[in-house]
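K.L.:
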Amino acid sequence: MSVYENIKFSILTTSCIGWQGLCYLMGRDRFDCIKNVANYLANKNIIYSKIFQSLSCGANILTDDEMQFLSKFNDEAPFNDNELWNIESLITNVNISTGKTLEINKIPIKSGMIALVYKGKLEGEDVIVKVKRKHIYDKLLDGIQKMEYVMRLSLYLPYTNILSLPDVFEENVEEMLKQVDFKNELSVSQKIYNNFKYVNDIIIPKVYPEFTEADNRIIVMSYLDGKTIHELNPMDKYEYGKIVAKYSMKSILYDRLYHNDMHAGNIFFMEVDGEKKIGVIDFGATGTMSRHQQNIFYEFFKAGAITRNYEGAAEVLVKDLVNPRERFDKLSSEDKLDLMIELTKLTRECFSAVTQMDVQLIYNLNVALHKYDLKLSRFFCRLQLSLGIAGSVTNALCETEGENYMNCVSEAVKKMVDSEESMFEY
48 MSVYENIKFS ILTTSCIGWQ GLCYLMGRDR FDCIKNVANY LANKNIIYSK IFQSLSCGAN
108 ILTDDEMQFL SKFNDEAPFN DNELWNIESL ITNVNISTGK TLEINKIPIK SGMIALVYKG
168 KLEGEDVIVK VKRKHIYDKL LDGIQKMEYV MRLSLYLPYT NILSLPDVFE ENVEEMLKQV
228 DFKNELSVSQ KIYNNFKYVN DIIIPKVYPE FTEADNRIIV MSYLDGKTIH ELNPMDKYEY
288 GKIVAKYSMK SILYDRLYHN DMHAGNIFFM EVDGEKKIGV IDFGATGTMS RHQQNIFYEF
348 FKAGAITRNY EGAAEVLVKD LVNPRERFDK LSSEDKLDLM IELTKLTREC FSAVTQMDVQ
408 LIYNLNVALH KYDLKLSRFF CRLQLSLGIA GSVTNALCET EGENYMNCVS EAVKKMVDSE
468 ESMFEY
């Protein structure tokens with residue numbers, strides 16, 4: 048892709064936002080301005096659909112109506128006929144290859160960034176058939192290349208330059224490209240299904256590998272029936288929020304395999320025989336960590352959420368999650384003390400009701416570190432952003448109870464972790 052096209056895309060992006068901002072100042076309804084920006088940018092770059100998905104729940108700067116509109120990008124990402132395969136031919140061929148009888152409704156019930164979703168039946172059982180869009184890899188790669196240029200430009204802008212967005216974006220590029228690899232998603236889905244098969248209140252759909260093995264453009268999985276977050280009774284939300292937090296914490300603190308795209312569109316809210324449950328789908332975007340990284344994050348959460356030792360949590364940050372290490376080692380004793388005081392304050396806010404675990408926390412931490420030419424590790428930023436997406440959902444679920452994500456996380460961690468010795472037995 049040429050530099051000219053990258054510059055053109057950046058100009059179109061800023062011009063769209065700037066023009067709608069001007070229209071807002073001149074009297075246009077803010078909701079209309081946000082709709083115009085979202086529709087325009089999503090059509091220009093597929094990556095923006097993912098951004099709007101993340102903003103569709105629990106974004107403090109948006110109204111309920113604005114978040115409701117952005118939630119359409121969870122299940123109604125724009126597509127055209129040129130992106131569709133001949134679905135009848137595809138299903139006929141996989142039935143011949145597998146010897147199974149898969150039937151499908153030819154009208155998609157949902158459209159995501161990577162695939163369209165159809166409802167069907169397999170041997171009489173309700174299933175979901177996820178079909179990859181045509182040319183999606185090239186389209187995603189083009190979107191990534193354009194966004195990389197925007198990320199680099201962010202280094203020259205106030206506020207965003209401190210976030211080190213190019214590093215965070217680069218850290219997630221490989222995971223984004225993995226979303227078009229349905230064989231990888233199949234494998235990950237099977238692992239997560241096994242990780243949660245004995246957890247009563249978290250349901251993971253069963254996948255049927257023979258179909259993806261026959262044609263890697265599709266994934267067939269069991270059908271989950273539940274409500275969306277916007278359909279829930281406000282009185283039920285808090286209990287569901289605790290289950291979402293439980294899913295996130297188990298994925299990280301036990302499994303080392305976590306959902307990178309836990310927006311509201313990937314969660315179904317159910318009640319079976321009076322017991323509240325959630326169903327979690329779409330494992331194309333997941334993250335992994337080493338045992339060492341897992342232990343670092345566990346120590347951070349143990350100090351902050353369980354023992355309320357905020358200075359201890361700050362020490363974990365300084366010891367293992369701040370780069371470059373040699374730069375920190377060269378700081379004077381006075382600078383180290385000042386930095387520790389600031390990080391202790393921020394970790395206290397992180398594990399309280401003062402703030403939530405989102406991009407603002409990353410920004411605040413990086414502001415403190417930037418004074419000393421330091422920054423957060425890529426691993427921490429990547430994991431923090433993943434938790435931020437889940438956190439926005441949990442905060443939306445907890446708002447009627449006056450609670451927040453960290454309250455739910457603290458409760459989940461305390462229940463799961465009886466002792467340090469039992470932490471890694473699973």
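First residue of the sequence shown: 48, per this note's numbering; consecutive thereafter. Note that CB positions come from ideal geometry on N, CA and C, so glycine has one too. All figures in this text were calculated on a predicted structure; none of them were measured in a lab.
Below 8 angstroms on the Cβ atoms is my contact criterion, and I expect Val363 with Ala350 to pass it. Report the Cβ-Cβ distance as a whole number of Å.
P.N.:
Position 316 of the sequence shown, counted from the start, is the residue given in the question as residue 363. Position 303 of the sequence shown, counted from the start, is the residue given in the question as residue 350. Between Ala350 and Val363 the Cβ distance is about 6 angstroms, and since that is below 8 angstroms, they are a contact.
K.L.:
Nearest CA to the CA of Ala124: which residue from Gly312, Leu72, Ile250, Asp320?
P.N.:
Residue 124 sits at position 77 when you count from the first residue of the sequence shown. With distances taken between Cα atoms, Ala124 lies closest to Gly312.
K.L.:
If distances are taken between C-alpha atoms only, which option among Leu233, Trp132, Gly331, Lys193 comes closest to Ile161?
P.N.:
Position 114 of the sequence shown, counting from 1, holds the residue named residue 161. The shortest C-alpha separation from Ile161 is found at Gly331.
K.L.:
In three-state DSSP terms, what is Leu59?
P.N.:
Position 12 of the sequence shown, counted from the first residue, corresponds to residue 59. Helix at Leu59.
K.L.:
For Leu430 versus Met336, is the C-beta distance shorter than 9 angstroms?
P.N.:
As a first step, residue 430 is located in the sequence shown; it is residue number 383 there, counting from the start. As a first step, residue 336 is located in the sequence shown; it is residue number 289 there, counting from the start. Contact: yes.
K.L.:
Skipping 5 residues on each side, what residues in its chain have a beta carbon closer than 6 angstroms to that of Asp262?
P.N.:
In the sequence shown, residue 262 corresponds to position 215, counting from 1. For Asp262, where only same-chain residues beyond five positions count, the Cβ hits under 6 angstroms are Val141.
K.L.:
Out of Asp112, Leu300, Leu421, Tyr452, point me to the one whose CA is closest to Glu373's CA.
P.N.:
The residue you call residue 373 lines up with position 326 of the sequence shown. If we check each option's Cα against that of Glu373, Leu421 comes out closest.
K.L.:
Report yes if the C-beta distance between Val197 and Val267 is below 9 angstroms; otherwise report no.
P.N.:
Taking the first residue of the sequence shown as position 1, residue 197 is located at position 150. Taking the first residue of the sequence shown as position 1, residue 267 is located at position 220. No, Cβ-Cβ distance for Val197 and Val267 is not below 9 angstroms.
K.L.:
Taking all protein chains shown into account, decide if Lys153 is buried (16 or more other Cβ within 10 angstroms of its Cβ) or exposed.
P.N.:
Taking the sequence shown and counting its residues from 1, one reaches residue 153 at position 106. Answer is exposed; the Cβ neighbour count stays below 16.
K.L.:
Hey, out of Lys82, Leu434, Gln67, Glu170, whose CA is closest to Leu304's CA?
P.N.:
Along the sequence shown, one-based indexing puts residue 304 at 257. Considering only alpha carbons, the answer is Leu434.
K.L.:
Ignore the nearest five residues each way along the sequence and tell me which others in Ile134's own chain have a CB closer than 6 angstroms to its CB.
P.N.:
For the purposes of this step, residue 134 is taken as the residue at position 87 of the sequence shown. Taken in chain order, the residues that qualify are Lys153.
K.L.:
Between the Cα of Thr110 and the Cα atoms of Phe126, Thr139, Glu222, Asp79, which residue gives the shortest distance?
P.N.:
One-based indexing of the sequence shown puts residue 110 at position 63. It is Asp79 whose Cα lies nearest to the Cα of Thr110.
K.L.:
Residue range of the alpha helix (DSSP H) that Asp376 falls in?
P.N.:
Here the question's residue 376 lines up with position 329 in the sequence shown. That run of the alpha helix (DSSP H) goes 372-376.
K.L.:
Using the Cα positions of Met453 and Arg338, report the straight-line distance between them to the nearest angstrom.
P.N.:
Looking up residue 453 in the sequence shown gives position 406. Looking up residue 338 in the sequence shown gives position 291. So the alpha carbons of these two residues sit roughly 24 angstroms apart.
K.L.:
What does the Cβ neighbour count give for Val401, buried or exposed, with the cut at 16 atoms within 10 Å?
P.N.:
Locating residue 401 in the sequence shown gives position 354, counting from the first residue. Model confidence at Val401 stands at a pLDDT of 49, short of 50, so the residue's coordinates are unreliable; what they give is reported in the following sentence. Exposed, by the Cβ-count rule.
K.L.:
Would you report the Cα separation of Leu59 and Tyr95, rounded to the nearest angstrom?
P.N.:
Along the sequence shown, read from residue 1 onward, the residue named residue 59 stands at position 12. Along the sequence shown, read from residue 1 onward, the residue named residue 95 stands at position 48. The straight-line gap from Cα to Cα measures roughly 13 angstroms.
K.L.:
Between the C-alpha atoms of Glu286 and Phe229, what's the straight-line distance to the nearest angstrom?
P.N.:
Taking the first residue of the sequence shown as 1, we reach residue 286 at position 239. Taking the first residue of the sequence shown as 1, we reach residue 229 at position 182. When rounded, the distance between both Cα atoms is 33 angstroms.
K.L.:
Rounded to whole angstroms, how far is the Cβ of Lys157 from the Cβ of Phe116, which I believe are closer than 8 angstroms?
P.N.:
For the purposes of this step, residue 157 is taken as the residue at position 110 of the sequence shown. For the purposes of this step, residue 116 is taken as the residue at position 69 of the sequence shown. Not confirmed; about 17 angstroms, so no contact.
K.L.:
How close, in whole Å, do the beta carbons of Ile409 and Met309 come, if the pair is a contact with beta carbons under 8 angstroms?
P.N.:
Locating residue 409 in the sequence shown gives position 362, counting from the first residue. Locating residue 309 in the sequence shown gives position 262, counting from the first residue. About 17 angstroms; that fails the 8 angstroms criterion.
K.L.:
Please report the distance separating the alpha-carbon of Gly74 from that of Cys63.
P.N.:
Residue 74 sits at position 27 when you count from the first residue of the sequence shown. Residue 63 sits at position 16 when you count from the first residue of the sequence shown. If you take the alpha carbons of Gly74 and Cys63, they lie about 17 angstroms apart.
K.L.:
Is Lys392 helix, strand or coil by DSSP?
P.N.:
In the sequence shown, the residue the question calls residue 392 occupies position 345. Reduced to three states, the DSSP call for Lys392 is helix.
K.L.:
Restricting to Cα atoms, I'd like to know which of Asn92, Lys253, Glu260, Gly65 is closest to Glu195.
P.N.:
As a working mapping, residue 195 is identified with position 148 in the sequence shown. Among Asn92, Lys253, Glu260, Gly65, the Cα nearest to that of Glu195 belongs to Asn92.
K.L.:
Contact check, Met296 vs Ala459 under 8 angstroms by CB: the rounded distance?
P.N.:
In the sequence shown, residue 296 corresponds to position 249, counting from 1. In the sequence shown, residue 459 corresponds to position 412, counting from 1. Contact flag correct, Cβ pair sits at about 5 angstroms.
K.L.:
Taking the beta carbon of Ile138 as the centre, do at least 16 other beta carbons fall within 10 Å, making it buried, or is it exposed?
P.N.:
Translated into positions along the sequence shown, residue 138 becomes position 91. Under this definition Ile138 is a buried residue.
K.L.:
Does the Cβ-Cβ distance between Cys445 and Gly190 come in under 9 angstroms?
P.N.:
Against the sequence shown, residue 445 aligns to sequence position 398. Against the sequence shown, residue 190 aligns to sequence position 143. Contact flag unset, no.
K.L.:
Could you pull out every residue in the same chain whose Cβ sits closer than 8 angstroms to the Cβ of Asn241, ignoring the five residues on either side in sequence?
P.N.:
Sequence index remark: in the sequence shown, residue 241 carries index 194 (1-based). Cβ within range, chain order: n/a, list empty.
K.L.:
Going by the beta-carbon positions, is the gap between Phe243 and Ile251 smaller than 9 angstroms?
P.N.:
Position 196 of the sequence shown, counted from the first residue, corresponds to residue 243. Position 204 of the sequence shown, counted from the first residue, corresponds to residue 251. Taking 9 angstroms as the Cβ cut-off, Phe243 and Ile251 qualify as a contacting pair.
K.L.:
Mark Gly334 as exposed unless 16 or more other C-beta atoms lie within 10 angstroms of its C-beta, in which case mark it buried.
P.N.:
Taking the first residue of the sequence shown as 1, we reach residue 334 at position 287. Looking at its Cβ environment, which holds 16 or more other Cβ atoms inside 10 Å, Gly334 is buried.
K.L.:
I need the DSSP call for Thr333, collapsed to helix, strand or coil.
P.N.:
As a first step, residue 333 must be located in the sequence shown, where it is residue number 286. If DSSP states are grouped into helix, strand and coil, Thr333 belongs with the strands.
K.L.:
What does the alpha-carbon distance come out to for the pair Ile183 and Val227?
P.N.:
The count along the sequence shown starts at 1 and reaches residue 183 at position 136. The count along the sequence shown starts at 1 and reaches residue 227 at position 180. If I take the Cα positions, the gap works out to 7 angstroms.
K.L.:
Look at the alpha carbon of Ile265 and the alpha carbon of Val327, and state the distance between them as a whole number of angstroms.
P.N.:
The residue you call residue 265 lines up with position 218 of the sequence shown. The residue you call residue 327 lines up with position 280 of the sequence shown. Ile265 and Val327: Cα-Cα distance of roughly 19 angstroms.
K.L.:
Since Glu123 sits in a beta bridge, which residues does DSSP pair it with?
P.N.:
Translated into the one-based positions of the sequence shown, residue 123 becomes position 76. Paired residues: Ser158.
K.L.:
Taking Cβ positions, are Leu386 and Ala415 nearer each other than 9 angstroms?
P.N.:
If you number the sequence shown from 1, residue 386 lands on position 339. If you number the sequence shown from 1, residue 415 lands on position 368. Contact: yes.
K.L.:
Hey, could you find the ends of the beta strand (DSSP E) Glu150 is sitting in?
P.N.:
To locate residue 150, count along the sequence shown from 1; it is residue 103. Run containing Glu150: 149-151, per the beta strand (DSSP E) assignment.
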